[in-house]
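Undergrad: In my numbering, the protein residues as written are 169 to 357.
Note that CB positions come from ideal geometry on N, CA and C, so glycine has one too.
Owing to the predicted nature of the structure, the values given are computational and were not obtained by experimental measurement.
Got a structure for you, questions after.
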């Protein structure tokens, strides 16, 4: 009988603890491992229930938003729609489109200044389509194409002044054929 009472008390205690824990903030270290508040780099308040999922917002311990977006699950990141990550200065670090938890659409990454760093496209988690990256000045650095997660087709690299640095072809992620490399003065090898 005493064992039965003890089990009942433990079950009641655990149920109440779980119920109250749902409203708690979860603290994370710099590697996104759960930690105590005093060791935290980020935190996540209890997600807000929406019609089609949960609105997740992660914060830096400074109070600035680190990430925000919709997830199908409150305790797992099964993202849907556009998800944005931010630098601590408030500028967007990257914006990614998801469908059913997989990257699906544009993924744009930005410099801390807010200028576009690169953009690539995904189809249900696989990189496909045009890729472009930029110097922080805004000048194009690289342009190319992805096919099934691999570099494919012609790729071109540029100097910071916009002049060609190199170009050549990839086939299924491997360089093929002759690649031309240009010296800064315009001559090539």
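Pull up the distance between the alpha-carbon of residue 350 and that of residue 337, whole angstroms please.
TA: 15 Å
Undergrad: Taking the CB atoms as reference points, tell me whether residue 314 and residue 295 lie closer together than 8 Å.
TA: yes
Undergrad: CA-CA distance, residue 207 and residue 194?
TA: 12 Å
Undergrad: Do residue 291 and residue 278 count as a contact pair if the criterion is CB distance below 8 Å?
TA: no
Undergrad: Since residue 266 contacts residue 257 with CB under 8 Å, what's their CB separation in whole angstroms?
TA: Not confirmed; about 25 Å, so no contact.
Undergrad: Work out the CA separation of residue 331 and residue 246 for me, nearest whole Å.
TA: 42 Å
Undergrad: Use the C-beta contact count for residue 361: other C-beta atoms within 10 angstroms, 16 or more gives buried, fewer gives exposed.
TA: Any answer about residue 361 is impossible in this case: the structure gives the chain only from 169 up to 357.
Undergrad: Between 284, 225, 353, 297, which lies nearest to residue 308 when the distance is taken from Cα to Cα?
TA: 284
Undergrad: Since residue 299 sits in a beta bridge, which residues does DSSP pair it with?
TA: 312
Undergrad: Using only the alpha-carbon positions, how far apart do residue 232 and residue 214 sit?
TA: 16 Å
Undergrad: Give me, in chain order, the residues of the same chain whose beta-carbon lies closer than 7 Å to that of residue 270; leave out the 5 immediate sequence neighbours on both sides.
TA: 292, 293
Undergrad: To the nearest angstrom, report how far apart residue 324 and residue 228 are at their CA atoms.
TA: 38 Å
Undergrad: In whole angstroms, what separates the C-alpha of residue 297 from that of residue 192?
TA: 42 Å
Undergrad: Figure out for me which residue from 328, 281, 287 has the closest Cα to the Cα of residue 312.
TA: 287
Undergrad: Is it true that the CB of residue 274 sits closer than 8 Å to the CB of residue 289?
TA: Yes. Within cutoff.
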